[in-house]
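Structure first, then comments.
Numbering (our numbering), first residue to last: 72 to 480.
Shown next, in the form of structure tokens:
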């Protein structure tokens with residue numbers, strides 16, 4: 072028997088759609104039937120039509136009239152993020168969520184997704200296709216792109232979540248409405264930006280392994296989406312470094328703070344990194360005309376690594392004078408070896424005969440992963456101020472013998 076106490080909790084499920092007349096009726100009917108029969112909480116399904124040009128809106132309004140707990144909302148502009156913002160920002164539910172209209176994710180994962188939010192254990196929840204216990208059916212191209220993108224998020228942005236792009240997420244409504252003003256993207260990067268902002272503010276993100284089957288009829292432009300995501304990452308990084316990403320949060324949420332000194336060091340390291348990366352790409356492209364990609368990569372990386380260490384020594388970490396410069400360069404070569412391993416490995420994985428552009432994409436992604444490792448090595452080891460202080464102390468001359476003898480008397 073259903074309990075009234077449980078049924079009073081409300082979860083809103085948003086299904087963003089654009090020109091989905093083929094799949095919409097079957098998917099919404101299946102979702103409504105599943106939730107009515109198995110979901111122990113109150114629910115509402117909102118079809119968010121993103122300016123469809125086919126019969127999607129007509130079918131959506133028919134479903135809203137025919138099925139209980141279903142409603143339809145129409146937007147005049149496209150954008151999945153825009154649709155979620157529109158519905159989530161005015162929702163009165165306890166938890167807001169969304170899933171793709173193709174229902175690629177097994178619906179049995181929906182209750183484990185929202186339960187930690189309703190109990191107050193977590194603030195956001197995401198389905199992940201990258202957990203060991205997840206069962207995923209999709210082509211190698213999509214698998215490679217997804218894993219590369221999430222590796223980039225973890226290595227460059229320091230993200231702790233594993234799958235930013237899975238179309239199966241939920242948020243406590245008060246948290247969603249607090250975060251939305253800080254999220255700029257209205258398209259596919261909306262998810263990633265929301266999660267990065269949440270993590271920046273110390274919110275708790277719960278992950279649920281999911282079973283997922285790729286939709287062969289997916290019309291997502293992978294290349295355009297990837298480029299938009301990279302631009303979005305650059306914008307979020309700039310906002311984070313400038314402090315503009317800070318937004319008011321509910322009082323009980325603990326705000327995460329950067330370690331001492333990192334707020335000043337990160338933007339300087341990023342500036343040095345941009346110039347180093349550009350110099351590396353120019354050198355790699357020039358050398359690639361005469362030698363193999365592996366040799367060009369090693370030489371270009373070595374030259375820019377030496378310059379990068381010297382620039383970060385002076386500009387980022389404020390070490391002046393020649394004292395320790397040779398040691399810093401030798402220790403900085405550890406970071407060079409990490410970068411060499413990652414870039415050489417990425418080039419080795421490329422099939423024979425790929426274009427020069429594909430080689431550049433591979434080394435850019437690998438260099439981005441190595442950048443995070445380089446910063447942490449330089450900060451906690453090579454230019455650690457405690458280490459420099461201890462070395463100076465060890466070189467301090469002892470007191471004169473007469474003064475030492477007097478003190479003993």
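We put the beta carbon where it would ideally sit given N, CA and C, even for glycine.
Continuous alpha helix (DSSP H) stretch holding residue i: start and end
i           : result
residue 156 : 151-159
residue 85  : Residue 85 -> not in any alpha helix (DSSP H); beta strand (DSSP E) instead, spanning 81-88.
residue 101 : 95-109
residue 362 : Where residue 362 is concerned, there is no enclosing alpha helix (DSSP H), given that its DSSP letter is neither H nor E.
residue 258 : Careful: residue 258 lies outside any alpha helix (DSSP H) and carries neither H nor E.
residue 384 : Element bounds for residue 384: n/a, residue is neither H nor E.
residue 400 : 396-420
residue 185 : 181-189
Residue-chain proximity (residue i, chain B), Cβ-Cβ < 8 Å
i           : result
residue 200 : Note that chain B does not occur in the displayed structure, where there is just one protein chain.
Where residue i sits in the DSSP three-state scheme
i           : result
residue 211 : helix
residue 119 : strand
residue 472 : Reliability fails at residue 472, whose pLDDT of 42 lies under 50, so the model's placement of it is uncertain and no value is given.
residue 277 : strand
residue 232 : coil
residue 218 : helix
residue 138 : coil
residue 347 : helix
residue 124 : coil
residue 58  : Residue coverage of the chain in this structure runs from 72 to 480, which leaves residue 58 outside it and unanswerable.
residue 91  : coil
residue 446 : helix
residue 300 : helix
residue 356 : helix
residue 163 : coil
residue 454 : coil
Limits of the unbroken beta strand (DSSP E) element including residue i
i           : result
residue 238 : Run containing residue 238: none; DSSP gives neither H nor E here.
residue 195 : 195-199
residue 282 : 282-284
One or two residues paired with residue i in a DSSP bridge
i           : result
residue 168 : 84, 241
residue 390 : Paired residue(s): none; residue 390 is not in a bridge.
residue 144 : 119
residue 508 : Because the chain is modelled from 72 through 480, residue 508 falls outside the range shown and cannot be assessed.
residue 176 : 283
residue 206 : 282
Option nearest residue i by Cα separation, candidates the options
i           : options            : result
residue 481 : 195, 351, 247      : In the structure displayed, the chain extends from 72 to 480; residue 481 sits before or after that span and is not available.
residue 149 : 194, 111, 338, 256 : 256
residue 277 : 223, 192, 155, 406 : 192
residue 270 : 441, 106, 229, 189 : 229
residue 356 : 432, 421, 394      : 432
residue 194 : 146, 186, 258      : 186
residue 130 : 196, 94, 240       : 94
residue 300 : 396, 219, 368      : 219
residue 240 : 391, 112, 183, 231 : 183
residue 410 : 379, 421, 422      : 379
residue 87  : 215, 151, 368      : 151
residue 249 : 258, 232, 268      : 268
residue 178 : 188, 198, 162, 392 : 198
residue 381 : 449, 119, 423      : 449
residue 137 : 104, 349, 275      : 104
residue 373 : 412, 394, 134      : 412
residue 408 : 154, 280, 369      : 369
residue 274 : 341, 196, 342      : 196
residue 417 : 406, 305, 436, 423 : 436
residue 92  : 134, 444, 161      : 134
residue 337 : 383, 375, 350      : 383
Pairs of beta-carbons, one from the region 173-186 and one from the region 96-105, closer than 8 Å: are there three or more?
yes
Does the region 392-406 come close enough to the region 422-437 that 3 or more CB-CB pairs lie under 8 Å?
no
Do the region 116-136 and the region 202-211 meet, that is, are 3 or more Cβ pairs less than 8 Å apart?
no
Would you check if there are 3 or more beta carbon pairs closer than 8 Å linking the region 386-398 to the region 356-370?
no
Does the pairing of the region 237-252 with the region 161-169 give three or more beta-carbon distances under 8 Å?
yes
Pair every Cβ in the region 224-236 with every Cβ in the region 258-275, then say whether three or more of these pairs are closer than 8 Å.
yes
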